[in-house]
Amino acid sequence: MINRLIDPDEGSISINGTDITSIDEILLRKNIGYVIQQIGLFPHMTVRENIGLIPKIEGWSRDRIEERVKELLTLVHLPPEIFMDRYPKELSGGQQQRIGLARALVMDPPLLLMDEPFGALDPLLRRQLQDEFIAIKENIGRTIVFVTHDINEAFRLGDRIAIMHEGRIVQVGTARDLILTPADPMVAGLVGSEHRYRHLENLTVQDIMLPVSEISVLEASTSISSAIGLMTDAGLEVAVVSDGTSIQGIVRLPDLLRVGQHSETIGSHARSPLILRPDGTALSAISGMKADGDVCALVMDGEELLGIFTPDEVLRRLV
Amino acid sequence: MIDEIQTVWIRYNLTERTIEHLQIFTIALLLAIAIGVATGLLLYRRRRYSPPVFSTLNAVQTFPDIALLILLIPLAGIGTVPTIIACVLYSILPIARNTYTGLISVSPELLEVGRAMGLVERDILIKIRFPLAFPMIAGGIRIAIVFTMGIVTLGGIFGAGGLGAPLQTGINLMRSDIIFVAGIWVGLLAVILDGIAGGIEAELKRRFGSW
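Chain order of the listed sequences is L and S.
According to this note's numbering, the first sequence is numbered sequentially starting from 13.
According to this note's numbering, the second sequence is numbered sequentially starting from -5.
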């Protein structure tokens, strides 16, 4: 519907604020790359001709088409000299799908539509193409509308996910929004909210950390006894120690209780913790911490403290 | 044996007759291809006319070829022209029908992708539908080749020249040797032409066929 192969019965679709029904449909389609599950490479054309079809109609020179084809084949990891003059039937399913993607990108469209592009591939290959897709996605910096029936694929590949049900958009959000705050029971069932622990891979560190607003940052000069008091009152296991300008480390309540001299300052007992990036996956963070034997990590975006990440907190939130 | 064949061959000018035969055949076939493909294309553009047109062509097809040649006598006399007309009338159907079928039976995904890429209908017809219909069209032409070969021979009996003429002589003189030589030669020619057409068709299928 976005490329007007089908016109809407009601409602409207806008691209960058322009209603698509006001754009010439041929112009619109030339500006939207399109990839479908069946791939749809033209069997009577070589890879070069398939990719170069629209440029040829647009009157590009032979050399320019050839150069563009080579560039795109390289982008999708197919050596141009080997693949350029092959026919689609001489390619494997995965290779065909890459050519399909290359063809969709040929006019450098600002928008890409992908309709279950990996649906017909076996799980291993699908996984591999998804990884490549993520890399290509970063490279080309285009808006991609990606339709899938596989919620995990959506979590893996999508920045924003729209759940459609019976012709309506039920919820739009990140993986975190959908998993932690599903809009209705249908969405909850779809994303498997009741099995949230399964989603460690789909959630980022930032999604399930204890944010800085919910934790205490204590001055390094605080005495151990008052720190114990503050932390027990607030019900906190961990506190961040700061000297006012920069983070010194963290202290854990059990460690503080073990120290005999309660008059010492916490600054001398602060331990430097593992630092996590906010956009890493929760799963890799937990495996990293397990390997190092850490029970608590700081989430930092550069110099800025965003929160604390503890496996305990993850468990509490997800189960 | 070989001597006898040679005698008949030279005596009845079979080399010239063969050339004459192939000339009529070629003209008839080219006309049939042009008209047949054009008819198939027109019917593809105006699909609702296809059932009546194909019914009519089917009716022509069921008409015995001798009867058709006789019916053409008051309109076109005898000789080359009515023979070519009869060939074309018989050959339009297989070519037109295969062209039409080839054009409409392109897989919907390919058409969807073509449209979504921003191809206009004319581009889709020229760059996608036609090439993908080539093997099918070639199949129709191959059938037409066999028809045309038979009718050109028959036309020769009705004064069109070609290899039908010596056959006619053989029948008149009750000379089975002439009938044998000319008849087997016509049959062989038909097989050879059909073989060539089959080769072309297979190559087109390999090149343009879906997989």
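Backbone N, C-alpha and C fix where the C-beta goes; we use that ideal spot for every residue, glycine too.
#1: What is the DSSP secondary structure of His281/L, counted as helix, strand or coil?
#2: Check whether the segment 259 to 266 of chain L and the segment 294 to 311 of chain L are in contact - that is, three or more C-beta pairs closer than 8 Å.
#3: If I measure Cβ to Cβ from Ala154/S and keep anything under 6 Å in the same chain, skipping five residues before and after, which residues do I get?
#4: So Ile35/L and Leu125/L are supposed to be a Cβ contact under 8 Å. How far apart are they, rounded?
#5: Which chain S residues are close to Ile38/L, counting only those with a beta carbon under 7 Å from its beta carbon?
#6: Taking Cβ positions only, does Arg40/S come closer than 8 Å to chain L?
#7: If you measure beta-carbon to beta-carbon, which residues of the segment 120 to 154 of chain S are closer than 9 Å to chain L?
#8: Over what stretch of residues does the alpha helix (DSSP H) that includes Met243/L continue unbroken?
#9: What first and last residue would you give for the alpha helix (DSSP H) that runs through Tyr6/S?
#10: Does the Cβ of Thr160/L have 16 or more other Cβ atoms within 10 Å, making it buried, or fewer, making it exposed?
#11: Quick check on DSSP: helix, strand or coil for Asp31/L?
#12: Considering only residues of the same chain and omitting the five flanking positions on each side of Gln162/S, which have a CB-CB separation below 8 Å?
#13: What in chain S is Cβ-close to Leu17/L, meaning under 8 Å?
#14: Below 7 Å on C-beta distance, what does Gln117/S contact in chain L?
#15: If you measure beta-carbon to beta-carbon, which residues of the segment 13 to 40 of chain S are closer than 9 Å to chain L?
#16: Using a threshold of 8 Å, state whether the C-beta atoms of Gln49/L and Ala116/L are closer than that.
#17: Excluding the 5 residues flanking Phe54/L on each side, which residues of the same chain have their C-beta closer than 8 Å to its C-beta?
#18: In whole angstroms, give me the CA-to-CA distance for Thr7/L and Arg328/L.
#19: Could you give the residue range of the alpha helix (DSSP H) that holds Val180/S?
#20: Report the neighbours of Val201/S on chain L: residues whose CB is nearer than 7 Å to its CB, in chain order.
#21: From the DSSP output, in three-state form, read off Pro68/S for me.
#22: For Ala280/L, count neighbouring Cβ atoms within 10 angstroms of its own Cβ and tell me buried if that reaches 16, exposed if not.
#23: Taking Cβ positions only, does Arg98/L come closer than 8 Å to chain S?
#24: Taking Pro357/L as the reference, give the member of Gln107/L, Asp120/L and Pro122/L with the closest Cα.
#25: Can you give me the Cβ contacts of Trp205/S inside the same chain, cut-off strictly under 8 Å, excluding the 5 residues immediately before and after it?
#26: List, in chain order, every chain L residue whose beta-carbon is nearer than 7 Å to that of Glu103/S.
On the basis of the coordinates in this document:
#1: DSSP, reduced to helix, strand and coil, places His281/L within a helical segment of the structure shown.
#2: Judged by Cβ distances under 8 Å, the segment 259 to 266 of chain L makes contact with the segment 294 to 311 of chain L, as three or more pairs qualify.
#3: Taking C-beta separations shorter than 6 Å and ignoring five residues to either side along the sequence, the partners of Ala154/S in its chain run Gly73, Thr74 and Thr77, following chain order.
#4: With 8 Å as the limit, Ile35/L and Leu125/L do not qualify as a contact, their Cβ atoms being about 15 Å apart.
#5: The contacting residues are Gly112 and Val114.
#6: So, not an interface residue.
#7: Cβ contacts with chain L come from Lys121, Ile122, Pro125, Leu126 and Phe128.
#8: Ile236 to Ala246 is the extent of the alpha helix (DSSP H) around Met243/L.
#9: For Tyr6/S, no alpha helix (DSSP H) encloses it, and the DSSP letter there is neither H nor E.
#10: It is buried - the Cβ of Thr160/L has at least 16 other Cβ atoms within 10 Å.
#11: Shown here, Asp31/L sits in a strand according to DSSP, grouped into three states.
#12: Excluding positions up to five away in sequence, the list reads Gly150 and Ile151.
#13: Simply Glu106, Arg109 and Ala110.
#14: First, the residue type needs correcting, since residue 117/S is Asp and not Gln in the sequence shown. Those within 7 Å of Asp117/S in chain L are Ile69.
#15: Cβ contacts with chain L come from no residue of the segment 13 to 40 of chain S.
#16: Pairing Gln49/L with Ala116/L gives a Cβ-Cβ distance that is not under 8 Å.
#17: For Phe54/L, where only same-chain residues beyond five positions count, the Cβ hits under 8 Å are Glu61, Asn62, Leu65 and Pro100.
#18: In the structure as shown, chain L starts at 13 and stops at 331, and residue 7/L therefore has no counterpart that could be examined.
#19: Start and end: Ser170 to Phe202.
#20: Here the sequence assigns Arg to residue 201/S, which means Val is not the residue at that position. Ordered by position in chain L, the residues that pass the 7 Å Cβ test against Arg201/S are His56.
#21: When secondary structure is reduced to three states using DSSP, Pro68/S falls in the helix class.
#22: The amino acid occupying residue 280/L in the given sequence is Ser; Ala does not appear at that position. Here Ser280/L is exposed, its C-beta having fewer than 16 other C-beta atoms within 10 Å.
#23: Chain S places no beta carbon closer than 8 Å to that of Arg98/L, leaving this residue out of the contacts.
#24: Because chain L spans 13 through 331 in this model, residue 357/L falls outside it and cannot be assessed.
#25: Note that Trp205/S scores a pLDDT of 45, beneath 50, so its modelled location is shaky; the value from the coordinates is reported in the next line. A distance below 8 Å between beta-carbons, with the five flanking residues on each side excluded, links Trp205/S to no residue of its chain.
#26: Correct list: Ile48, Gln50 and Gly52.
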